[in-house]
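Here the working numbering is used: position 408 in the sequence shown is 1656, and no number is missing along the way.
In this text, a Cβ means the ideal position worked out from N, Cα and C, and glycines have one as well.
What follows is a set of notes on a single structure, which appears directly below.
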Amino acid sequence: MSRLHRLFPFLNWPRPDAALLRSEALAGLTVGLMVIPQGVAYAALAGMPLVTGIYASMLPALVAVLFSASVRLSVGPTALTCLLVSASLTGLAEPGSARWIELAVWLALLSGLLQIVLGFARFGWLLNLVNSPVLMAFTQGAAVLIIGSQLPAMLGFDTGWAALLSPPAWHLATLAYGLGAAAVLIAARRFRPGFPSVLLLVVGAAGLSYWTDFQASGGAVIGDLPEGLPGLFVPGWPGWDTLGQLLVPTLVITLVSFLETASSAKVDSGERGQRWDQNQDLIGQGLAKLASGLVGAFPTSSSFSRSALNLYAGARTGWATVFSVAVVLLTLLLLTRLLAYVPLAVLAAIVVVAVAGLIRPRAFLKLWRLSRVEAVTAALTFAITVLSAPRLYWGVLAGMLMALSHFLYLRLHPRIIEVGLHTDGSLRDRHIWKLPPLNEHTYALRMDAALDFATVNGFELAITQHLAQHPDTRHVMLIAHPINWIDATGVEAFGRLRTQLASQGIALHLVGLKLPVETLLRKAGELPEGELLRLYRTEAEALQPKQGSKA
């Protein structure tokens, strides 16, 4: 692939024919009809003017598909990213105010620039800093907060949760719209998942609201939306203090939004039988965020549900997204007046039903059966996410810290076992399998880790303790197959061990030493073969009878 094609991935798109354009147009129409009401609903979740949800569904989606490697993802507003925007700006400005909009745009610009830099620097591997349990717990915690923030509007008690204690204060018409919309969406998801039920619900609710004069009875509706294309939005300078307060939210939005992208991109790449180019997707997603900020909207991300719908509808190339953007554009130019009468309770129901599927308590139980440490980490991540609201990003940061601490603990405490000869001829953990030692004067061990600065202490301690407890040991056999890396600290530790064993007349037998490790040890002069140092390529060679007297 030429450099030009790498910089501009859309040059790799297939030349469209009539059949391809028909199928792509159908998929684009399906996703476009879904993203319009979702975009408006998610804009409300982010505390932004509702029309910015439509803005974020057009140019950012087009830019993302042109410059990303994963061309079948639906980019635009997502519930999790919008919640992070709202949580990040709480306390810095009033939702919907000019200051709030400017800060949301700064979040889009900063996170977009960060993703572009990470993509060009080939830093997609940073994605691995968040493991699956932490992301699962954070997502579920965020889902609980999203639902909690939308239920008052959906059930008709905008005055707050205290209204639950006085049901007569509820707005019954709003309650009917909210519960009715939720019921329709749940039924449609179960029986007709590919049907544009969200759009039909919004249109039907708008017609019913207009016919019954819902707004005159005290019901909250979307109201008039600006018509026409968005203009260039250049935010004012927020000040260094405010910019510093946006730093952590920017990092979290960048990380979480790209993890959302990863969940969809891996499915897309798997279906296409191709390797996922995460660095190019970082660039594409970053450019999409920049585009969103420059039209006065908020950070965007890849929607798993809309991307799945895109695949379900038969999308094969990026042309489907082009058609989807065209649908949104026509709606913005011609049909925004139809949205004016849509009850806000319906938008809240759209968010609640979309997010409810993220809550999966059984995931914690499954994780508990697999790894109790990771299950505890996930539970604490969930709790911190919920309790730290509105600064819920502390949940994912705490989860990352706990997961990395556990990883570091495991690295500092490598698995070192004494092996014995199993009846099937293999060398296994002799304490688990209750096997005798290879012979009474041999200590055979295996370390399942690299020999580096993190593991040398445990490695030396295991051998030293065994020699202290078994002074009659004459042979130490190291099964070195799992040791695939050694650093300078490891070389020094190996040299100390070899010298110590030689001074006591104990022979060291190395089995299956990998070439990179052996090369480094030879460069350091630590493999002088002789009576006290023997090398074997395989376990079978080391266990041959002619070596039995020595090992």
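DSSP places residue 1712 in the helix class (H, G or I) of the three-state scheme. Within the same chain, and ignoring the five residues on either side of residue 1541 in sequence, the residues whose Cβ sits closer than 6 Å to its Cβ are 1353, 1356, 1357. The three-state reading of DSSP puts residue 1691 in strand, counting E and B together.
For residue 1733, the CB contacts under 8 Å within the same chain, skipping 5 residues up- and downstream, are 1698, 1699, 1700, 1764, 1765 in chain order. Per DSSP, residue 1654 is one residue of the alpha helix (DSSP H) stretching across 1641 to 1660.
Residue environment: residue 1567 is assigned as buried (16 or more neighbouring CB atoms within 10 Å of its CB, all protein chains considered). Counting only runs of at least 4 residues, the segment 1359 to 1413 fully encloses the following alpha helix (DSSP H) elements, listed from N- to C-terminal order: 1380 to 1403. Each of 1420, 1638, 1548, 1614 was checked against the Cα of residue 1391, and the nearest Cα belongs to 1638.
Taking the C-beta atoms as reference points, residue 1275 is found nearer than 9 Å to residue 1563. Around the beta carbon of residue 1348, 16 or more other beta carbons lie within 10 angstroms, which makes this residue buried. Contact annotation: residue 1648 and residue 1377 have beta-carbon atoms nearer than 9 Å.
Beta-bridge annotation (DSSP): residue 1723 is paired with 1690, 1755. By the Cβ test, the segment 1332 to 1350 is in contact with the segment 1285 to 1295, since at least three Cβ pairs between them sit closer than 8 Å.
Judged by their CB atoms, residue 1781 and residue 1750 are nearer to each other than the 9 Å cut-off. Secondary structure note for residue 1666: its beta strand (DSSP E) is the uninterrupted segment 1664 to 1669. In the structure shown, the three-state DSSP call for residue 1338 is strand. Where residue 1525 is concerned, there is no enclosing alpha helix (DSSP H), because DSSP gives it neither an H nor an E. Assignment of alpha helix (DSSP H) within the segment 1418 to 1466, counting only whole runs of 4 or more residues, yields 1420 to 1439, 1445 to 1460 in chain order. In the displayed model, residue 1515 falls within a helix according to three-state DSSP.
Between residue 1576 and residue 1299 a beta carbon distance of about 12 Å is seen, past the 8 Å cut, so the two are scored as non-contacting. The Cβ-Cβ distance between residue 1676 and residue 1726 does not fall below 9 Å. Taking the Cβ atoms as the reference, residue 1421 lies roughly 5 Å from residue 1467, within the contact range of under 8 Å. DSSP places residue 1677 outside any alpha helix (DSSP H); the residue lies instead in the beta strand (DSSP E), whose first and last residues are 1675 to 1677. Residue pairing by DSSP places residue 1549 opposite 1324 in a beta bridge. Residue 1552 has its alpha-carbon roughly 17 Å from the corresponding atom of residue 1565. When secondary structure is reduced to three states using DSSP, residue 1470 falls in the coil class, being assigned neither helix nor strand.
Your pair residue 1599 and residue 1289 checks out as a contact, with CB atoms roughly 5 Å apart and the cut at 8 Å. Taking the Cα of residue 1557 as reference, the smallest distance to any Cα among 1364, 1254, 1323 is reached at 1323. In the three-state DSSP reduction, residue 1680 falls in the coil class, being neither helix nor strand.
In the DSSP secondary-structure assignment, residue 1781 is bridged to 1756, 1778. In the structure shown, residue 1591 adopts extended strand secondary structure according to DSSP, grouped into three states.
Within 10 angstroms of the beta-carbon of residue 1444 lie 16 or more other beta-carbons, which makes it buried. Counting the other CB atoms within 10 Å of its CB gives residue 1509 a total of 16 or more, which places it among the buried residues. In this structure, the beta-carbon distance from residue 1326 to residue 1511 does not fall below 9 Å. Counting every other CB atom within 10 Å of its CB across the protein chains shown gives residue 1501 a total of 16 or more, marking it as buried.
Distance from the CA of residue 1667 to the CA of residue 1383, rounded to the nearest whole angstrom, comes to 38 Å.
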